[in-house]
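Structure record follows, encoded as structure tokens.
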């Protein structure tokens, strides 16, 4: 592990704690949109965390995972939002 | 090396701070829309800075060592960042719209023109 | 390139290729799909017979994927195999023959039987995939590969069970239930695979069998594997999915489902005999399997007596007959560590159990096909609404009599041959078990008398005035199975000596199985 | 009544799984790794792929992959067959 | 010998069985053909005697499936009622039973064996 | 400092278990599915930390995108 | 115990899934249970393949000179993930079809086949 | 299914092509970087799901044809199994292109290296075949279930 | 045709960014890589060109607009975003909010313009685009600190519409 390992891994760990805070919102969230917001936040944090952890590991190819994640979490959010909107009439 | 480290620390510090702010705001604010403010703005901004730190690290290491893997690191991080910037506000918009249409009204609102527009 | 070395993979790959081609061909010509399916399955049947001859004369066959030679099991410098391999011994090819015959007959029968349904290309594709899954479960020598084929078989079964779900609710319900229980079983199997992998870093059956230590984790893996595989075979009290699935699937598929559940049974025997063999506590496990057998026999048959739906009744009988197999093989397992008792009656009991697998597949397939024929002409499965069909469906009646006599164990049909092996050998192990088995046989006869009476006998009913004999290809399919039943009944010794005994010996002798891969260790 | 039996059985099952988890070898220290070491050492020279996982997936265990693609195909055919004739 | 199936304590041969059945059957047929002298066809002797009542028409005499073995099921009510009750058709019970059996077997195999 | 990785790893596991638990105990289906997605996403992060990027990509693509999509279709079709 | 926490997490996941299958009364909940078991088993396989202080088994741009984690479990997990989505899709389709015909998803009412 | 708001649609227009090219990148570089046929196929399949959700099932018919997708699915699988068969001179699934010097036949540099596209033997071809199958399979599943959701749900007017 | 070519070029660009490593071409790409990229981009162009150019408007092909876009992104937009976050920090810490949903008519016509504006609004101080009027492109904004009940466009998003008009219309 290089000297930069510590620099990137500690913010990664902190992001994880923030994720835990968002998870509390997922538990509490009185309405469904609250929970989606929590999901969205967790997604963003996970992407940021993945980039940091990948840099810390010095594994360049790991960043691809973060890209996939960033793109596809958006799709998940859209699906739930669409369901909430209730596009019932075709 | 020293300046690089300083820049990295600053970027990471800003990023972590705003991410923290986003999470706390998610917990503290009273209703969906205000939470969205915190979640979207703060986490996007924070993630931009943490990613910028990685990009700076990548490009500077490329300059120092000449190893092409750091260039790849930086380029891929840029791509990830662009994805994040494009998708995050749109997702927030979709959530807000869905929330309003599913009947979750903003709390403590002084004005709600969308509701009036719908009633018309 | 010597094709005869590649027969094991061709048996699997040709139906698979056909399964991928069928939807494409179905766009051009709907009718060609059925014919292509039958063709592929007949090729597979022929190849299976050729392979059977080869295995029974030469010995077990191995096929290693991607190696520089099909029989190169160990790469240089390693003690354990690293690649996936098919490993077919006498037991495997015995099951393979059943699958080949049953799938071929099912395809022929489907040609007319499924004609009024839409989406036939998908139906045939799924039929081929189910066949491939069952073949793979029987031939594979790799633990994880077994899981993959188990999933292929169960997903294809679910899709076929709920094939009529667009019009009716019940098939979808049966499909859902089957899907849930089979996912549980598949995932538990995967968990056990993980336990094995984590301990020994191996995935090959034979290599695992040579190093297995029967530690606490191995015990837990065994305790997880036995119930789920027994469940897939339909053992009481985890049999509830069986009547649902069997009664709602189309008749040829029900026949295939019997073969698929027997493949799980085979896997159970493979795990107990080839993987653990005498390292396990044979008395405990043997009695577990015997108790499964007893419960299945008795509860299955008693539940069958009160059924009104003909296919549901037969499904309960399928459970009951599975009990015989459990009983025979369980007795063999219980005395596995005792060579004297094994030679006196253990091997005979196992021969009975294993022979019963094949007999069961044949006559139960025939019975389901006759039930399907009745459904094809009358449009009902309810026994209360039938009656007097013997007047108009003569061939079906004859085939039904043959099947019913065989399942009830009347001489000279094949059911009797395997049952007498079980009775006489089990009697020496424990007389009570044998008596229960006979009682169950009598009850089986009783319930089939009920079916025969209410469906075929009696005056011609006015609502079935128009009923005719079923078309020729369906009669042909049933006739094939009847001929096999009569042949097995008349010459049981041929089958037992040449096919069943080697299968039993290949189960009992673990060294033969591991030696094929590891080179006579 | 039935719920109680199921509950007890579930607890027993769960406790056995926990036992198996505790008895498992220590996390992160595989006792045997002959097969995988062979893959790691020889995958590049034998298959020419840098990604050992891919070379395992498509070369050493290619038949699994065929089966797995078949599972997906089966599921798709099953779903399409289930909803055949649904127009919209 | 062809068709001889050793069972450990005896043997079974379908061919011999068929031969024996044929022999016994021919004897039976022979005895039957000797017959009662006073029997004549197409007389009153042909008709079945059902407690003196006239025979029912054929359509009504057909016994439907759910009535066969009514007596048996009625007699074994104590056995059948819980058994039928067990087959609820509920998917939770299906998976539940699997877990119950798995737990029992895990105890049998994992603790004792 | 690799113990920090351990901490990340363990807290991811704990969050994953919480999310899985939520997926079971939520009464309504939609929150339950959201919790399931969160569990699946964290599982992907866990794979990432355990040095399995291939599996992490597969899990992210399938868990976040497609499982969500087909579950949403299912609950749309059953209301 | 703490060293084996990943295995315990796996077991908890499997247990949660089994619990859902046994006690939850909604067909889609049951599908969620199946997905949970799948996740647990996938995690189990990956956990088995982990080696402390090792890197991913990919030679492209890898940090040099380190041990690699075991590749086989990753291959197995890939297979099992795709199998999982296939299973889930089919389960959900059948559940939708049941709803179409029965008008309910309650397991106490979806039992026309019994006895 | 109704379409979503104009903002989502416009973003979708840009992201759609990006996801697809990224999925293709993952498929084509399966033997060098993390990824491969399944992962890339799943990513492209998700792109189809994205198009479906933002344009609605009626409008997305213009861009996504179920028939063509199922055609490609069968085609991908047949390509895959034919690749398996073509090793049959030696064994099924034999990697007959590896280290042969032709297409995809270069030997890889042993040890850590930046990766050369032209290696891997049949592995890249198999990646492409599986990717083709998986992406169209997911496309078909999503499209079928989207129309089935309209079919199975209760009619709200009546 | 032009949309096909543009899509092709865009995807090629993306592919080249993704695959940049070592090779013969400028030391960055190998020839085989570029051939693969061309083939794959061709396929992508075939699939995605209809989606990307739905309205058949080619306004964005002018490179000047992209330059302005970059300037906008780095200059006012980023500055606004920083301000926004400090604003959010203030509100998170103090908890002072006064929210409401207001309507603005920015007068943008194209889809791209309204999208850019909505996303910019979402990332800038105290505002979040909730809904859009599909007919006349009016945006409904959730404003975290409502100062006037009848806000003009300038209140919400200082001079963004001018920038965006220069970029996208």
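Residue numbers (this note's numbering), protein chains in the order written: chain Y, 92 to 181; chain Z, 334 to 453; chain X, 2 to 522; chain W, 59 to 146; chain B, 30 to 142; chain E, 32 to 110; chain C, 3 to 117; chain R, -5 to 152; chain S, 278 to 446.
The beta-carbon is built from N, C-alpha and C at its ideal position, and this holds for glycine as well.
For residue j and residue i, believed in contact at Cβ under 8 Å, the rounded distance
i              : j              : result
residue 110(W) : residue 97(W)  : 6 Å
residue 75(W)  : residue 75(R)  : Not confirmed; about 38 Å, so no contact.
residue 63(R)  : residue 130(R) : 4 Å
residue 124(R) : residue 32(R)  : 6 Å
residue 284(S) : residue 326(S) : 4 Å
residue 499(X) : residue 57(X)  : 7 Å
Close beta carbons around residue i, own chain, < 7 Å, minus the five adjacent residues each side
i              : result
residue 17(X)  : 133
residue 213(X) : 219, 276, 277, 280
residue 152(R) : With a pLDDT of 43 at residue 152(R), under the threshold of 50, the modelled position of that residue is not reliable, and no figure is offered here.
residue 192(X) : 225
residue 31(C)  : 22
Other residues of its chain near residue i: CB distance less than 6 Å, five sequence neighbours each side excluded
i              : result
residue 540(Z) : The requested residue 540(Z) is not part of the displayed model; chain Z covers only 334 to 453.
residue 92(Y)  : Residue placement at residue 92(Y) is poorly supported in this model, since its pLDDT is 44, which falls under 50; the coordinates are not used for a value here.
residue 332(X) : 350, 427, 430
residue 180(Y) : Only weak support is given to the placement of residue 180(Y): the predicted model assigns it a pLDDT of 36, under 50, and the value that follows is read from those uncertain coordinates. Counting only Cβ-Cβ distances below 6 Å, and skipping sequence neighbours, we find nothing.
residue 108(X) : 38, 39, 42
Contacts around residue i, its chain only, beta-carbon distance under 8 Å, and the 5 residues preceding and following it disregarded
i              : result
residue 381(Z) : 348, 414, 417, 418
residue 100(C) : 29, 107, 112
residue 65(W)  : none
residue 339(Z) : none
Spatially closest choice to residue i from the options, by CA coordinates
i              : options                        : result
residue 448(X) : 321(X), 355(X), 417(X), 122(X) : 321(X)
residue 131(Y) : 153(Y), 112(Y), 101(Y), 149(Y) : 112(Y)
residue 60(X)  : 88(X), 480(X), 348(X)          : 88(X)
residue 417(X) : 373(X), 432(X), 464(X), 364(X) : 364(X)
residue 38(X)  : 105(X), 8(X), 203(X), 403(X)   : 105(X)
residue 266(X) : 308(X), 323(X), 190(X)         : 323(X)
residue 133(B) : 286(X), 234(X), 455(X), 403(X) : 286(X)
residue 122(R) : 71(R), 58(R), 8(R), 51(R)      : 71(R)
residue 90(X)  : 520(X), 514(X), 221(X)         : 514(X)
residue 423(Z) : 3(R), -4(R), -3(R)             : 3(R)
residue 163(X) : 79(X), 258(X), 451(X), 176(X)  : 176(X)
residue 126(B) : 328(X), 231(X), 208(X), 195(X) : 231(X)
residue 112(W) : 55(C), 43(C), 62(C)            : 62(C)
residue 3(X)   : 81(R), 20(R), 42(R)            : 81(R)
residue 50(X)  : 32(X), 80(X), 456(X), 100(X)   : 100(X)
Beta bridge counterpart(s) of residue i as assigned by DSSP
i              : result
residue 108(C) : 28(C)
residue 41(B)  : 34(B)
residue 418(S) : 379(S), 406(S)
residue 52(C)  : DSSP output for residue 52(C) lists no bridge partner at all.
Can you list, in chain order, the stretches of the alpha helix (DSSP H) that have 4 or more residues and sit fully within the region 326 to 388 of chain S? 340 to 349, 355 to 371
Only counting runs of 4 or more residues, tell me where the alpha helix (DSSP H) segments fall wholly within the region 93 to 130 of chain Y, in order along the chain. Qualifying alpha helix (DSSP H) stretches, in chain order: 96 to 119.
4 or more residues per run - each alpha helix (DSSP H) lying fully within the region 6 to 43 of chain X: For the region 6 to 43 of chain X, whole alpha helix (DSSP H) runs of length 4 or above, ordered along the chain, are 8 to 29.
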